[in-house]
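J.: One structure, as structure tokens, below. Some questions next.
Encoded structure:
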């Protein structure tokens with residue numbers, strides 16, 4: 010039997026789900042949202058967006074801005090592999106400019122997570138060296154960071170090392186972000202606050218990362 014084709018609690022869709030399944034799920038979600046927040050769509054979302062936060066996270070399917078307890082309309086989102094902030098990438102840079110200059114968010118959240126596939130791939134040279142060409146190039150800064158920091162973590166077990174590598178990566182992305190002229194200007198003028206956080210996939214809880 011194809012295990013990917015069978016629904017697994019608490020998930021609603023599977024690899025074999027059809028378009029009708031997606032549409033049906035959406036109808037249930039929309040109905041539930043309207044019952045809980047009757048004016049959200051009609052009085053708020055239908056009249057434009059005014060987000061307060063840009064959320065920069067990993068593309069991992071196990072977390073997103075919803076872990077902050079927010080509703081649609083509160084958070085603009087950028088998700089990349091390994092929550093990597095690549096200043097040479099037009100998507101990343103245009104997202105920063107759009108959210109800060111035009112949407113006027115006053116907070117940016119950089120949130121990494123435990124059990125990160127990008128971190129684990131870069132921590133194993135055999136895996137990293139056999140990645141597809143684009144991923145190998147894209148993850149090189151994270152791979153370099155892990156190779157630099159690895160000697161400091163020799164006394165930790167593998168689970169603790171992976172978590173610490175994720176924390177180091179959050180700090181690296183923070184440094185990259187704060188060196189971007191636009192972000193630096195907004196920080197200096199106190200128009201922007203940056204929060205650095207780690208999401209724990211085994212509890213759903215977030216913890217602050219001091220940069």
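In this note's numbering, the protein residues as written are 10 to 220. For each residue, glycine too, the CB sits at the ideal point set by N, CA and C.
If you drop the 5 nearest sequence neighbours on each side, which residues of the same chain put their C-beta closer than 8 Å to that of residue 216?
T.: Counting from one through the chain shown, the residue named residue 216 turns up at place 207. Same-chain partners within the cutoff: 206, 207, 209.
J.: Let me check one thing: in DSSP terms, what residues is residue 207 bridge-paired to?
T.: Mapped onto the chain shown, residue 207 falls at position 198. According to DSSP, which records beta bridges pairwise, residue 207 is partnered with 121, 216.
J.: With burial defined as no fewer than 16 other Cβ atoms inside 10 Å of the residue's Cβ, what is the status of residue 10: buried or exposed?
T.: Here residue 10 refers to the residue found at position 1 when the chain shown is read from its first residue. Residue placement at residue 10 cannot be trusted, given a pLDDT of 42 that sits under 50; what the coordinates show is reported in the next sentence. Exposed, since its Cβ has fewer than 16 Cβ neighbours within 10 Å.
J.: Hey, residue 69 and residue 122: beta-carbon distance below 7 Å or not?
T.: Taking the first residue of the chain shown as 1, we reach residue 69 at position 60. Taking the first residue of the chain shown as 1, we reach residue 122 at position 113. For residue 69 and residue 122, yes; Cβs fall inside 7 Å.
J.: Less than 6 Å between C-beta atoms, sequence neighbours within five positions excluded: which residues of the same chain meet that for residue 180?
T.: By 1-based counting over the chain shown, the position of residue 180 is 171. The residues are 220.
J.: Going residue by residue through the region 55 to 83, where are the continuous alpha helix (DSSP H) segments of at least 4 residues, counting only ones entirely within it?
T.: Runs found: none.
J.: Using a Cβ-Cβ cutoff of less than 8 Å, which residues in the same chain neighbour residue 106 once the five nearest sequence positions on both sides are dropped?
T.: Counted from its first residue, the chain shown places residue 106 at position 97. The residues are 191.
J.: Using the rule of at least 16 other Cβ atoms within 10 Å of the residue's Cβ for burial, across every protein chain shown, is residue 170 buried or exposed?
T.: As a working note, residue 170 is residue 161 in the chain shown. Under this definition residue 170 is a buried residue.
J.: For residue 167, list the residues DSSP reports as bridge partners.
T.: In the chain shown, residue 167 corresponds to position 158, counting from 1. Residue 167 is not bridged to any residue.
J.: By Cβ distance, which residues of its chain are closer than 8 Å to residue 60, with the 5 residues on each side in sequence left out?
T.: Looking up residue 60 in the chain shown gives position 51. Here the set comprises 82, 83, 84, 85, 108, 112, 114.
J.: At what residue ranges does the region 22 to 61 contain a whole run of the alpha helix (DSSP H), taking only runs of 4 or more?
T.: Whole alpha helix (DSSP H) segments, 4+ residues: 28 to 45.
J.: What is the C-beta distance between residue 117 and residue 189, in whole angstroms, given that I count them as a contact (C-beta under 8 Å)?
T.: Within the chain shown, numbered from 1, the residue matching residue 117 stands at position 108. Within the chain shown, numbered from 1, the residue matching residue 189 stands at position 180. Not quite, the Cβ-Cβ distance comes to about 11 Å (not below 8 Å), so this is no contact.
J.: Hey, would you say residue 152 sits closer than 7 Å to residue 131, going by beta carbons?
T.: By 1-based counting over the chain shown, the position of residue 152 is 143. By 1-based counting over the chain shown, the position of residue 131 is 122. Contact flag set, yes.
J.: Straight-line CA distance for residue 157 to residue 150?
T.: Looking up residue 157 in the chain shown gives position 148. Looking up residue 150 in the chain shown gives position 141. C-alpha separation (whole angstroms): 11 Å.
J.: What number of angstroms, rounded off, separates the C-alpha of residue 91 from the C-alpha of residue 119?
T.: As a first step, residue 91 must be located in the chain shown, where it is residue number 82. As a first step, residue 119 must be located in the chain shown, where it is residue number 110. Taking the straight line joining both Cα atoms gives about 11 Å.
J.: Residues in its own chain within less than 6 Å of residue 137 by CB, not counting five upstream and five downstream?
T.: Here residue 137 refers to the residue found at position 128 when the chain shown is read from its first residue. Result list for residue 137: 130, 131, 152, in chain order.
J.: Terminal residues of the continuous alpha helix (DSSP H) containing residue 153?
T.: By one-based count along the chain shown, residue 153 stands at place 144. Segment 149 to 158, the alpha helix (DSSP H) holding residue 153.
J.: Quick one: does the C-beta of residue 201 sit closer than 6 Å to a heavy atom of the ligand MN?
T.: As presented, the structure is devoid of all ligands, the ligand MN included, so that no description of it is given.
J.: Is it true that the CB of residue 88 sits closer than 7 Å to the CB of residue 57?
T.: Walking along the chain shown from the start, residue 57 turns up at place 48. Walking along the chain shown from the start, residue 88 turns up at place 79. Not in contact: residue 57 and residue 88 (Cβ atoms no closer than 7 Å).
J.: Over the uninterrupted alpha helix (DSSP H) stretch that includes residue 108, give me the two end residues.
T.: On the chain shown, position 99 is the one that residue 108 refers to. From DSSP, residue 108 is part of no alpha helix (DSSP H); its letter is neither H nor E.
J.: Which whole-angstrom value is the C-beta distance of residue 110 and residue 101, which I expect to be below 8 Å?
T.: For this step, residue 110 is matched to residue 101 along the chain shown. For this step, residue 101 is matched to residue 92 along the chain shown. About 15 Å separates the two Cβ atoms, so there is no contact after all.
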